[in-house]
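The block underneath contains the structure these notes are about, expressed in C-alpha cells.
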Amino acid sequence: MTAMTADQKTLALSSSEERDQQLVEYLRDLALEQMPAEDLLRWASETFPGRAVLNTSFQYTGVAMIHMATAMGLNLRFATIDTLRLHPETYAFMEEVRARYGCHFEVIQPKRGDVERMVVRHGEYLFFDSKENQEHCCHVRKEWPNNALLQTADCWISGQRWDQSEHRQQTAKKAALIDEYSTRRKIVKLNPLVDWSEEELMEFTRANDLPVHPLYGQGYPSFGCIICSTPIRPDEPKRNGRWRWFNEQADGADDHKECGLHYNI
C-alpha cells in the first residue's frame, strides 16, 4: 500500500480485511488525539466523504459540532436516533436547528415490529422492572437503529466528554478504531470535544449564539427518552437524572447510567 498523508481526501478501500488493515496502518501515524475539534471534523470530512456521520441527541456538544461543520462547509452527514419516546421539545428543537443551519438530519427509528415484540413480551414500561430490562429497551429503541446507521458509515462522530462521568473519563477516546456492531468491520469513532470542559463548551455556545435545547432551562442536564430523563436538584450528580430509579445501585457505579450506545467501545 502506498503511504498516505493526513491531507489526502480518501482511503483506498478493497476487501473488508484489507480495508481494516489499511485503517490500522493509516491511523497509526496520525496524531488525531492532538487535533483541535475543528481539524478533526475536517479530517473526517475529507477522509470519509459521505461516510462520516455525526450522530446527535441535540445536546450542547452536538449543536457545537453541527455549528463547526456547517461553518466550514464540511461533507458530513447528520443523524439522530428517534426512539419514538423523545420529549416533544426535542422534536421541536431539531426543526429549530435544521432551520438555523440549513442541514438535513437522517432520522433513524427502531423497527416497529421489534418494539411491538418487546412490549408484548415485557410490557410497555419494562425499564422500571430491572436494569436488564432497561438495557433491553435501549437495545431495541436506540442501539439497534444506531447499528443500522453505522452499516452505512466508516466514521462515527459523537459528543462524549470526559467530564460527563467517571465511566466516560475511563472509556471515551478522542479517536479510536472500533468494531461496527453488525459486521464487526473496523470503523473510526471520534469524540472531537472529549477533552472540552463544561466551561469551554458554555463559552463556545455563548460566543457563537448557538441554539440551546429548552430542556436545559427546565433543569435537565442531559436527556433521552421522555420517561427515562428527569430534571435534577442542584446538589445531585448530573447523571442522576437518567433512569432515576437506579440511583441506589449498591456499587454506585455510574456505568449504570449508560444506555449502552457507547458502552465499552
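Going by the working numbering, the sequence shown wraps up at 286, each residue one higher than the last. Just so you know, even glycine gets a beta-carbon here, dropped at the ideal spot from N, CA and C.
Reduced DSSP secondary structure (H/G/I, E/B, other) of residue i
| i | result |
| --- | --- |
| SER250 | strand |
| LEU236 | helix |
| ALA113 | helix |
| VAL215 | coil |
| TRP264 | coil |
Length of the line joining the Cα atoms of residue i and residue j
| i | j | result |
| --- | --- | --- |
| TRP266 | PHE149 | 7 Å |
| LEU171 | TRP177 | 7 Å |
| MET223 | GLU39 | 42 Å |
| GLU110 | SER179 | 21 Å |
| ILE253 | PHE244 | 11 Å |
| LEU62 | HIS125 | 17 Å |
| GLY123 | ARG138 | 37 Å |
| TYR112 | ARG121 | 15 Å |
| PHE114 | THR77 | 12 Å |
| GLN155 | THR251 | 16 Å |
| GLU54 | LYS195 | 6 Å |
| PHE341 | GLY144 | With the chain covering only 22 through 286, there is no way to say anything about residue 341. |
| GLU67 | TYR81 | 24 Å |
| VAL128 | ASN268 | 31 Å |
| ASN96 | ALA73 | 8 Å |
| ASP256 | ARG206 | 43 Å |
| ASN12 | GLU201 | Outside the shown range of the chain, which is 22 to 286, sits residue 12, and nothing can be said about it. |
| TYR237 | GLN42 | 43 Å |
Bounding residues of the alpha helix (DSSP H) (the contiguous stretch that carries residue i)
| i | result |
| --- | --- |
| ASP60 | 58-68 |
| ALA196 | No alpha helix (DSSP H) holds ALA196; the beta strand (DSSP E) holding it covers 196-200. |
| VAL140 | 133-143 |
| HIS108 | Element bounds for HIS108: n/a, residue is neither H nor E. |
| MET10 | Only positions 22 to 286 of the chain appear in this structure, which leaves residue 10 out of reach. |
Beta strand (DSSP E) segment containing residue i, residue limits
| i | result |
| --- | --- |
| THR101 | 98-102 |
| LYS152 | Premise fails: LYS152 lies in the alpha helix (DSSP H), 152-159, not in any beta strand (DSSP E). |
| PHE126 | 126-129 |
| ASN76 | 73-76 |
| TRP165 | Counting along the chain, TRP165 falls outside any beta strand (DSSP E), though it belongs to the alpha helix (DSSP H) covering 165-171. |
| TRP177 | 176-178 |
Same chain only: Cβ atoms within 8 Å of residue i, ignoring 5 sequence neighbours per side
| i | result |
| --- | --- |
| PRO131 | THR104, LEU105, VAL161, ARG162, LYS163, TRP165, PRO166 |
| ASP135 | VAL161, TRP165 |
Same chain only: Cβ atoms within 7 Å of residue i, ignoring 5 sequence neighbours per side
| i | result |
| --- | --- |
| GLU219 | ASP184 |
| VAL84 | VAL118, LEU231, PRO232 |
| PRO242 | ILE253, LYS259, GLY262 |
| ALA197 | LYS210 |
| MET89 | ALA58, GLU59, LEU62 |
| ASN229 | HIS88 |
Same chain, Cβ closer than 6 Å to residue i, neighbours up to 5 away in sequence not counted
| i | result |
| --- | --- |
| GLY94 | none |
| PHE225 | ALA85 |
| ALA58 | PRO213, LEU214 |
| LEU147 | ASN154, CYS158 |
| ASP175 | PHE69, ARG72, ILE208 |
Any C-beta of chain B under 9 Å from that of residue i
| i | result |
| --- | --- |
| ALA174 | Annotation note: the requested chain B is absent from the structure, which comprises a single protein chain. |
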